[in-house]
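Asker: Residue numbers (the UniProt record's numbering), protein chains in the order written: chain A, 1 to 1045; chain B, 1 to 209. Glycine included, C-beta positions come from ideal geometry on N, C-alpha and C. Please read these numbers as outputs of a predicted model, since none were measured by experiment.
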Amino acid sequence: MFGRSRSWVGGGHGKSSRNIHSLDHLKYLYHVLTKNTTVTEQNRNLLVETIRSITEILIWGDQNDSSVFDFFLEKNMFVFFLNILRQKSGRYVCVQLLQTLNILFENISHETSLYYLLSNNYVNSIIVHKFDFSDEEIMAYYISFLKTLSLKLNNHTVHFFYNEHTNDFALYTEAIKFFNHPESMVRIAVRTITLNVYKVSLDNQAMLHYIRDKTAVPYFSNLVWFIGSHVIELDNCVQTDEEHRNRGKLSDLVAEHLDHLHYLNDILIINCEFLNDVLTDHLLNRLFVPLYVYSLENQDKGGERPKISLPVSLYLLSQVFLIIHHAPLVNSLAEVILNGDLSEMYAKSEQDVQRSCAKPSIRCFIKPTETLERSLEMNKHKGKRRVQKRPNYKNVGEEEDEEKGPAEDAQEDAEKAKGTEGGSKGTKTSGDSEEIEMVIMERSKLPELAASTSVQEQNTTDEEKSAATGLESVQWSRPFLDMVYHALDSPDDDYHALFVLCLLYAMSHNKGMDPEKLEQIQLPVPSAADKTTYNHLLAERLIRIMNNAAQPDGKIRLATLELSCLLLKQQVVASAGCIMKDVHLACLEGAREESVHLVRHFYKGEEIFLDMFEDEYRSMTMKPMNVEYLMMDASILLPPTGTPLTGIDFVKRLPCGDVEKTRRAIRVFFMLRSLSLQLRGEPETQLPLTREEDLIKTDDVLDLNNSDLIACTVITKDGGMVQRFLAVDIYQMSLVEPDVSRLGWGVVKFAGLLQDMQVTGVEDDSRALNITIHKPASSPHSKPFPILQATFVFSDHIRCIIAKQRLAKGRIQARRMKMQRIAALLDLPIQPTTDVLGFRLGSSSSQHLPFRFYDQCRRGSSDPTVQRSVFASVDKVPGFAVAQCINQHSSPSLSSPPPSASGSPSGSGSTSHCDSGGASLSSTPSAIQSPADDPVATEQPQPKLPSQLVIVSETEADARPGKSLARSTDVETANLSPSLIPARQPTISLLCEDTADTLSVESLTLVPPVDSHSLRTLPGIPPPPVTPAAGTVTPGEEPAGPAEH
Amino acid sequence: MYIIIGDTGVGKSCLLLQFTDKRFQPVHDLTIGVEFGARMVNIDGKQIKLQIWDTAGQESFRSITRSYYRGAAGALLVYDITRRETFNHLTSWLEDARQHSSSNMVIMLIGNKSDLESRRDVKREEGEAFAREHGLIFMETSAKTACNVEEAFINTAKEIYRKIQQGLFDVHNEANGIKIGPQQCISTSVGPSASQRSSSEIGSNSGCC
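#1: Quick check: is the beta carbon of methionine 271/A nearer than 8 Å to any beta carbon in chain B?
#2: Would you report the Cα separation of leucine 316/A and arginine 191/A, rounded to the nearest angstrom?
#3: Starting from alanine 38/B, find everything on chain A with Cβ-Cβ shorter than 7 Å and list it in chain order.
#4: Locate the beta strand (DSSP E) running through aspartate 703/A, then write down its first and last residues.
#5: Does any C-beta atom of chain B lie closer than 8 Å to the C-beta of alanine 255/A?
#6: Should the stretch 679-688 of chain A be regarded as contacting the stretch 738-752 of chain A, the criterion being three or more beta carbon pairs within less than 8 Å?
#7: Can you name, in chain order, every residue of its own chain whose Cβ lies under 6 Å from the Cβ of aspartate 266/A, other than the five neighbours on each side?
#8: Counting contacts by CB-CB distance shorter than 8 Å, is leucine 116/B in contact with chain A?
#9: How would you call threonine 834/A, buried or exposed, if buried means at least 16 neighbouring beta carbons within 10 angstroms?
#10: Kindly list, in the order they appear in chain B, the residues whose Cβ is closer than 9 Å to that of leucine 195/A.
#11: Below 8 Å on the Cβ atoms is my contact criterion, and I expect alanine 189/A with lysine 249/A to pass it. Report the Cβ-Cβ distance as a whole number of Å.
#12: Below 8 Å between beta carbons: does that hold for glutamine 520/A and leucine 338/A?
#13: Look at histidine 282/A and valine 231/A and say whether their C-beta atoms are less than 8 Å apart.
#14: Residues of the stretch 67-83 of chain B in Cβ contact with chain A at a cutoff of 7 Å, in chain order, please.
#15: So lysine 27/A is in the alpha helix (DSSP H); what residue range does that whole segment cover?
#16: Following the continuous beta strand (DSSP E) through serine 734/A, name the residue where it begins and the one where it ends.
#17: State the CB to CB distance for the pair valine 200/A and asparagine 155/A, rounded to an integer number of angstroms; the pair is presumed to be in contact (CB under 8 Å).
#18: Roughly how many angstroms separate the alpha carbons of leucine 310/A and aspartate 241/A, rounded to a whole number?
#19: Could you tell me which residues DSSP puts in a beta bridge with arginine 39/B?
#20: Is the stretch 132-140 of chain A touching the stretch 167-176 of chain A in the sense that three or more CB pairs, one from each, lie closer than 8 Å?
#21: Would you mind working out which of Val728/A, Phe145/A and Leu268/A sits nearest leucine 97/A, comparing C-alpha positions?
#22: According to DSSP, is aspartate 168/A helix, strand or coil?
#23: Have a look at isoleucine 730/A and aspartate 694/A and give me their C-alpha separation to the nearest angstrom.
#24: Mind pulling the chain B residues with CB within less than 7 Å of tyrosine 122/A?
#25: What is the residue span of the alpha helix (DSSP H) that glutamate 111/A lies within?
#26: Closest Cβ-Cβ distance between isoleucine 32/B and chain A: below 8 Å?
#27: Rounded to whole angstroms, what is the Cα-Cα separation between proline 624/A and valine 651/A?
#28: Span of the alpha helix (DSSP H) holding methionine 620/A?
#29: Round the Cβ separation of histidine 244/A and leucine 638/A to the nearest angstrom and send it over; I've been treating them as touching at under 8 Å.
#30: Decide yes or no for the touch test of the stretch 106-118 of chain B against the stretch 6-25 of chain B: beta carbon pairs closer than 8 Å, at least 3 of them.
#31: Taking the Cβ atom as the reference point for each residue, do phenylalanine 274/A and arginine 212/A lie within a distance shorter than 8 Å?
#32: According to DSSP, is glutamate 140/B helix, strand or coil?
#33: Count the other C-beta atoms from every protein chain shown that fall within 10 angstroms of the C-beta of isoleucine 556/A, then say buried if there are 16 or more, exposed otherwise.
#34: Assuming proline 524/A contacts glutamine 571/A under a Cβ cut-off of 8 Å, what Cβ separation, rounded to an integer in Å, is found between them?
#35: Under the assumption that valine 599/A contacts leucine 826/A (Cβ atoms under 8 Å), give the Cβ distance between them as a whole number of angstroms.
#36: Using the C-alpha atoms, what's the distance from leucine 677/A back to glycine 577/A?
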């Protein structure tokens, strides 16, 4: 037996697993241990392997055979481990033991097995063993071991770790000694352990008392000092930065601060009242108030006390409010910021300066007088002494505790602490500062009163000047708030403003915050519905920021602007609507106008503009501002810069170069437009330019009768080959296969946007085309992803050329149309240069088979004023389900399109000239048809102002296809917005043969004969929907057009 | 340093043990895992020490997961090929990881339990597609048969090493904020150690200690 096993130990794997995992084998290993009680160079490997094998067997036993554990316990095998450990047997053995223990405790699943292992206190002996912590690996294994144990803590197991009688809790006290270990993973493990301990302590009064009375003060005061030291280092880093060179270090320090805040918050949300009181007190009076808040005030004051710069303090406070939601903490902190009376605090702190070293209970940021380790040692001894002195104390205390509420307890304990001679300095502190906090609360009532009166003052003033004086008048009582507002005013840049906005945002979004606190500055919480007033002072400053952002050389970053918009909305949008004063609304409209001018400046016919426009919209809507993420970014701590070489995110810096200026202008436009619409209670009807739900999707079934279909074979990249028909719509190309159930209908197998398509010929095959369609990247991490990458093979080269032409032109067309819609958004007339293009477009558009119609009413037709139908993509197909245009602005007469054209600009108010262009054009085709119209048509309100379109609804169309068909011919074709409808089949109706006569266009187009047969489109897209430009274009295209103009 | 993330029960800790301690032979009636492990590997002739932490069981504390992500140079994102839901949760894991980690963190997608081919619920191609779309490295492994386990960790290490050589990890960052343990001989460690720690204590240190 010995020999065989020996060979196995020696590294052979010859032994079968059945033998390894057995009680017998464990017995053998026990034997090995007894023979090798002393670690030597020779038996080191043997021992390590033995220990490892024991682990394996124990885990196996836990899962399969409990007798293994009985034996382990019976033979007290843990003692051997301990014995080996105590021999200073070196790193190799140490690491193996720790790993073994780790694995053991982690994989044990049965509670009873666990109890076996934990009994006899051996584990605690291992915990307190003085390992060589300078060894990185031992440290890592050791702390992982503690962490694993802490994860096993529960109401039952906790008694194996916490000894009430000796006041020992090695797992916890040994762990927190490493709270400031240089290795971040060690610190994380320590935090995990403490959190696990706190969680369990909720149900264990004695342990809770121990933690609070013996460890909380030393631990928290050291922790707070540790955090504060990092903060000062962080501030230093900002102050000494040159050319953004400190960014790497800065971002580490910021992340570290965030880690701490999250950790503190995790403790606070365990909701252990005892601990929270102590922690809150320390945080407020040792860190947040003395270091962060006091630094908001004039930097020259305050003498020698440690302070940080204004931006850093604003930034960090924002983080605090974003992360920590513990009501007592955030409310007290907000109280000081909003109403704090600095002079008094100064007086106090100066008085105490001398004493502060001895008695660190006032609000100041100072170093704990002794190290955590020492404090813990002292407390432990003290505890022991006390137990000796008053042997009954423990029991008595316990009984009392259960009956008493925590508040009483706290008080009593504080007294107890004071009463105890030579009692721990820490507990004393906690008692003292509680009193101080109460004093502060009382004191703050006065400024509160003053504040509320001053707020009323502000209410009565509209003018900024008087508001400013109002501000001055309160200055004496609210120095921090004053500072906050002042920072918003800085004219040169938004360096401070961004932080201020973040802070206000964070405070108002904090769940623990008492809404009344915020009402003092009239900053409503987001959920507040019944607002009647708002903070004019703040609103004006916000609008000024917006105005500034819309200037060509504005120094406002996009993040600042977005945050301003958020805050303004939060202030003035009430459940009943917007409560903003007209005067402010007008200013805001002014800013919006400015932003329109700004984009116009960059609007060019270039291809890239459209992509940028859509991309900006996409990224803006897909990634709305997350203030918490924003405040995680250290780069905003350094003064705003313009260069992308810093790697700073675009929204957090100023633009560099024309492209970025364009992007910025577009974004500013989007934001202000959306804000303005929202404040006026109007829905967005024009953006995005393409809406997902309007597009043809895979598996849609389309009526393709009389559509242009080109048969082709699609060969995908991976070699797949399918027969499909290619159809080209206004915005999309699709591949369909025949619908088996209905003749002439097709099922869409693929649909992709024309604008993202690339078509190239195939070199050696004149019948084939390579087609790629990319999906725009949805996140910055994903690459543009080709949704289609295939070779299309047509039956002959003619079809191939037709297809290529159609696709290529379709692409241009789709893009052109979108550009025109952008132009309309910007109130831009179309440049005359589009004439040529327009002609071509006109012709190419007629190639398109509109198997969709465009639905304007889906874009919020409910609101007549919003309906800025941009330009008419009049795919007027007779018999095509058609939109009818009702002008809700009561324009009665129908049959005279020209007046409508001239009338619309005046009627449309903020809508654009383009709109009018669209309107007039749209009426053009209808005029062509008017001969065929039945009388009803004349009674239809005329699309003079294309303010509302009523589509013959899909359901209606469903129900009475015939009727819709009839109506379609007579109804005004009006402005069909290019938003595509995922129409149900019946809406796609057939072409009417008889109306073909009215279409004079086709003869003028370059469409191959095939098309003119099947196509019934009117000059689908009226050459750019511009009144003047169109005039010059139409003659070539539509004889009827000029007649009307 | 690496972290391993993914749903519970996908075999994270087993993967880790399999990689860090070869002596635990996978046996059919025994599953053993570990939360922490360290191992030296050799990449391009350089000894690099990998420290790998499993984040399991700590998800309830936001501060902890946050810190873990931030301190890592590489992450193994693991799902179980026999359980579709573990694959479906990848997106949220990934989002978390991207949010909290340094942008340079190398993320490897691992489809574990490839030995259970008969119970496969997620196709290999799906894993590949997900990885492609999100810019991850992909591999299917089996902690049970040790298939590809070595490769998964080492490929990730190589990728990190490559990034270090490209200068994507700031080698000089070590000087600020992050203190190095006494035994770490940072002065002698070329590249890997210093720089990996730089991106916040990531622990593939070159093996000087």
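Answerer: Well, looking at it:
#1: A quick correction: the sequence has asparagine, not methionine, at residue 271/A. Not closer than 8 Å to any Cβ of chain B, the Cβ of asparagine 271/A fails to qualify, so no.
#2: 21 Å
#3: Glu137 and Ala140
#4: Residues 701-703.
#5: yes
#6: No, the stretch 679-688 of chain A does not touch the stretch 738-752 of chain A.
#7: Leu195
#8: no
#9: With a pLDDT of 42 at threonine 834/A, under the threshold of 50, the predicted position of this residue should be treated as unreliable, though the coordinate-derived value follows. Result: buried.
#10: Within chain B, the residues placing a beta-carbon under 9 Å from that of leucine 195/A are Gln58, Ser60, Phe61, Ser63 and Ile64, ordered along the chain.
#11: The pair is not a contact, with the Cβ atoms about 24 Å apart (cut-off 8 Å).
#12: yes
#13: Cβ distance not < 8 Å, so histidine 282/A and valine 231/A don't count as in contact.
#14: Ser67, Tyr68, Arg70 and Gly71
#15: 23-35
#16: 732-738
#17: Rounded to the nearest angstrom, the Cβ distance from valine 200/A to asparagine 155/A is 7 Å, consistent with a contact under 8 Å.
#18: So the two alpha carbons sit approximately 15 Å from each other.
#19: Leu50/B
#20: The stretch 167-176 of chain A vs the stretch 132-140 of chain A: no contact.
#21: Phe145/A
#22: DSSP places aspartate 168/A within a strand segment (E or B) once states are collapsed to three.
#23: Spanning the two alpha carbons is a distance of roughly 12 Å.
#24: Result: empty, since nearest Cβ-Cβ is about 21 Å, beyond 7 Å.
#25: 111-118
#26: yes
#27: Straight-line Cα distance between these residues: approximately 11 Å.
#28: 607-622
#29: 5 Å
#30: yes
#31: In contact: phenylalanine 274/A and arginine 212/A (Cβ atoms closer than 8 Å).
#32: strand
#33: buried
#34: The C-beta separation of proline 524/A from glutamine 571/A comes to about 6 Å, placing the pair in contact by the 8 Å criterion.
#35: 6 Å
#36: 12 Å
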